[in-house]
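K.L.:
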Amino acid sequence: KNALVVLALYQLSARQAGALSALSGGLFLLPYILVSAPAGQMADAHDKARLILWTKYWELGLMLLALAGFLIGDFHFLLAVLLGLGLQAAFFSPLKYGLLPELFTGDRLVKANGGIEAGTFAGIVLGTVAGGILVLLPHGRLVAPLTAIALALAGIASARKIPRAQPAAPTLKPDWNLWRANVRLLRAAAASRNIWFACWGISWFWALGATVLAAFPVLAKALLHADGHVVTLMLGVFAVGVGIGSLAAARFVHTRKLLHFVIPAGLGMSLFIGDFAFATTHLAAPSVPGLLAHAAGWRALIDLALTAICGGLFSVPFYVLLQTSAAPAERARMVGANNILNSAATLAAGGIEAVAYARGIGPGTILITAALLNLLVMAWVWRAAPVRGKQ
35 KNALVVLALY QLSARQAGAL SALSGGLFLL PYILVSAPAG QMADAHDKAR LILWTKYWEL
95 GLMLLALAGF LIGDFHFLLA VLLGLGLQAA FFSPLKYGLL PELFTGDRLV KANGGIEAGT
155 FAGIVLGTVA GGILVLLPHG RLVAPLTAIA LALAGIASAR KIPRAQPAAP TLKPDWNLWR
215 ANVRLLRAAA ASRNIWFACW GISWFWALGA TVLAAFPVLA KALLHADGHV VTLMLGVFAV
275 GVGIGSLAAA RFVHTRKLLH FVIPAGLGMS LFIGDFAFAT THLAAPSVPG LLAHAAGWRA
335 LIDLALTAIC GGLFSVPFYV LLQTSAAPAE RARMVGANNI LNSAATLAAG GIEAVAYARG
395 IGPGTILITA ALLNLLVMAW VWRAAPVRGK Q
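To convert, note that position 152 of the sequence shown is 186 in the working numbering; the numbers rise steadily by one, no gaps.
1. Rounded to whole angstroms, what's the CA-CA distance from I400 to A419? Just pull it up for me.
2. Determine the DSSP secondary structure at D309, reduced to helix, strand or coil.
3. Exposed or buried, A37, counting other C-beta atoms within 10 Å across all chains shown (16 or more means buried)?
4. Using the three-state DSSP reduction, which class does G140 fall into: helix, strand or coil?
5. Starting from I190 and walking both ways along the alpha helix (DSSP H), at which residues does that stretch end?
6. Tell whether a beta-carbon distance below 9 Å holds between V264 and F352.
7. Run the CB neighbour count on G423, radius 10 Å, all protein chains shown included, and call it buried at 16 or more, exposed below.
8. How far does the alpha helix (DSSP H) with V389 in it reach, from first residue to last?
9. From L247, L340, N376, pick the residue whose C-alpha is nearest to that of T162; which is it?
10. Nearest to P251 by CA position, among Y391, I150, S304, is which residue?
11. Can you give me the C-alpha to C-alpha distance between G60 and W238, rounded to a whole angstrom?
12. For the alpha helix (DSSP H) containing T403, name the first residue and the last one.
13. Is the beta carbon of N376 closer than 9 Å to that of A223?
14. I think F62 touches L116, with their Cβ atoms under 8 Å apart; what is that distance to the nearest whole Å?
15. How would you write the range of the alpha helix (DSSP H) that A334 sits in, first residue to last?
16. Below 9 Å between beta carbons: does that hold for M97 and P197?
17. Please say whether A73 and R135 have beta carbons closer to each other than 9 Å?
18. Which of the three DSSP states, helix, strand or coil, is assigned to W238?
19. Can you find the residues in the same chain that come closer than 7 Å, C-beta to C-beta, to Q357, ignoring five residues on each side of it along the sequence?
20. For M303, I'd like the list of residues in its chain whose CB is within less than 8 Å of its CB, leaving aside the five on either flank, ordered along the chain.
21. Looking only at its chain, what residues have a beta carbon closer than 8 Å to the beta carbon of G107, apart from the 5 residues adjacent to it on each side?
22. Should W414 go down as buried or exposed, given a rule of 16 or more other Cβ atoms within 10 Å for buried?
23. Look at the Cβ atom of G275, then the Cβ atom of A339, and state whether they are nearer than 9 Å.
24. Where does R367 land, buried or exposed, given buried means 16+ other C-beta within 10 angstroms?
25. Could you tell me whether the Cβ atoms of L410 and G235 are closer together than 9 Å?
26. Please return the same chain residues whose Cβ sits closer than 8 Å to the Cβ of V287, not counting the five positions on each side in sequence.
27. Classify D78 as helix, strand or coil using the three-state DSSP reduction.
28. From this set, F306, S280, K82, L171, which residue's C-alpha is nearest A152's C-alpha?
29. Does the segment 329 to 336 come close enough to the segment 198 to 210 that 3 or more CB-CB pairs lie under 8 Å?
30. Can you list, in chain order, the residues of its chain whose CB lies under 7 Å from that of P204, leaving out five sequence neighbours each side?
31. Within 8 Å: the Cβ of G157 and any heavy atom of the ligand SAM?
32. In whole angstroms, give me the CA-to-CA distance for L121 and A186.
33. In this structure, how does DSSP classify I196 when only helix, strand and coil are distinguished?
34. What did DSSP end up calling L267 once you bin it into helix, strand or coil?
35. Keeping to the same chain, check which residues put their C-beta closer than 6 Å to that of L119; ignore five residues upstream and five downstream.
36. Residues in its own chain within less than 6 Å of A146 by CB, not counting five upstream and five downstream?
Take a look at the structure:
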């Protein structure tokens, strides 16, 4: 995905690149809305470990198609492959998060979620850095997808080592009437105060994160006049920060005080997003050395890191609340409900951001607006936070 965005950034206009950056995220998330209900049903009905392995084979096939797309240089084809990856991820997510509570309980589940989130964003770091750097090499259109193929093969090898799990609801059949299945699933999730609250908390985290991430390429080109390596550095710093925050949550968050860090972390996100927007207002940094030569450049990177660390501390407790509030036989389906809401919120954010860019609104204004909206969300979290034990 990042290889596609960086490649487009320097072949399209700033507005087109901004719209494509937001659109690429939207295409990846669209399948979550369409198939999360049957994906959750299949995860509850079958051995999750076995299905995880099959999704990894699916991923390998898509990476082979991506190789063809990069070689012919067709952005439309690559966006179609990205849509396929979103479909694969929509089936993978309920398996991953649904399996964790079957393997871990109590504070170990918090640590496991922290590890999963840190590992997820460590993968984002590798993908972000590799995608941005490799595609800019002389033979980048070949090297980047071949690297992705190698990573897909590594994923297959890892999936083979996951312990087998008993189906949670072996008689359950997937409902392929997508509208009916999604409506029923969302109603079931809304029946639990804890689950519904957790789903919306996670959804806001991903919507805010997507808004910030999509702003980086446009900000780097339009304001900083920077090359693709500056974009890669920003995305990498952000991903590392979320990983650190997730590990911090694994260390300091406990099931007895699950939401203790959520509001302070959320307020920190607003503070540092706003400061990042101001720090980059008059900064000109055409390269990574140029960025690091300015105090404002370091300030911007520190703001990104602290924003992301707060994001990790913010998100992990919501995932644990979701998993521990759902009945074992429907846990993967509740993850599917969460994915529907996550995707809807993130797609809405991406659509609004794309329209804003098309109307000439700058990334700094978008980031400050997002920071202010986040303050309103924190007020809602403070008022709506459930009491543990009340489902």
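For each residue, glycine too, the CB sits at the ideal point set by N, CA and C.
Quantities reported herein were computed from a predicted structural model and do not represent experimental measurements.
P.N.:
In short:
1. A419 has its alpha-carbon roughly 28 Å from the corresponding atom of I400.
2. Helix at D309.
3. Buried, because 16 or more other Cβ atoms sit within 10 Å of the Cβ of A37.
4. DSSP places G140 in helix when its eight states are reduced to three.
5. Residue range 174 to 193 is occupied by the alpha helix (DSSP H) that includes I190.
6. In this structure, F352 does not lie closer than 9 Å to V264 by Cβ.
7. Any answer about G423 is weak, because its pLDDT of 42 lies below 50 and its placement is not dependable; what the coordinates show is given next. By the neighbour-count rule (16 or more Cβ atoms within 10 Å), G423 is not buried but exposed.
8. DSSP places V389 inside the alpha helix (DSSP H), whose first and last residues are 365 to 392.
9. Nearest C-alpha to T162 among L247, L340, N376: L247.
10. Comparing Cα positions, the closest option is Y391.
11. About 15 Å.
12. Where T403 is concerned, the enclosing alpha helix (DSSP H) starts and stops at 397 to 418.
13. Contact annotation: A223 and N376 have beta-carbon atoms that are not nearer than 9 Å.
14. F62 to L116, Cβ: 6 Å. Contact.
15. Per DSSP, the unbroken alpha helix (DSSP H) holding A334 starts and ends at 329 to 359.
16. No; because the gap between Cβ atoms is not below 9 Å, this pair is not in contact.
17. The question names Arg, but residue 135 is Pro in the sequence shown. No.
18. DSSP, read as helix, strand or coil, puts W238 in helix.
19. Excluding residues within five positions, the ones whose Cβ falls inside 7 Å are Y131, L134, P135, L143, R365.
20. Shown here for M303: same chain residues with a beta carbon closer than 8 Å to its own, the five before and five after excluded, namely L242, T341, C344, G345, F348, A405, N408 in chain order.
21. For G107, same chain residues with a beta-carbon under 8 Å away, outside a window of 5 residues either side, are R175 in chain order.
22. Flag for W414 reads exposed.
23. Between G275 and A339, the CB-CB gap stays under 9 Å.
24. Burial call: buried.
25. In this structure, L410 sits away from G235, with a CB-CB distance that is not shorter than 9 Å.
26. Cβ neighbours of V287 beyond the five flanking positions: V144, G148, H294, F295, L347, V350, P351, V354.
27. Collapsing the DSSP output to three states places D78 in a helix.
28. Minimum Cα distance to A152 is reached at S280.
29. Three or more Cβ pairs closer than 8 Å define a contact, and the segment 198 to 210 falls short of that threshold against the segment 329 to 336.
30. Scanning its chain for C-beta atoms nearer than 7 Å, with the 5 sequence neighbours on each side dropped, one finds around P204 the residues A79, in chain order.
31. The ligand SAM is absent from the structure shown, which contains no ligands of any kind.
32. The alpha-carbon atoms of L121 and A186 are separated by roughly 16 Å.
33. In the structure shown, I196 falls within a coil segment according to DSSP collapsed to helix, strand and coil.
34. When secondary structure is reduced to three states using DSSP, L267 falls in the helix class.
35. Non-local C-beta neighbours of L119 in its own chain, meaning closer than 6 Å and more than five positions away in sequence, comprise L96, ordered along the chain.
36. The residues are L134, F138.
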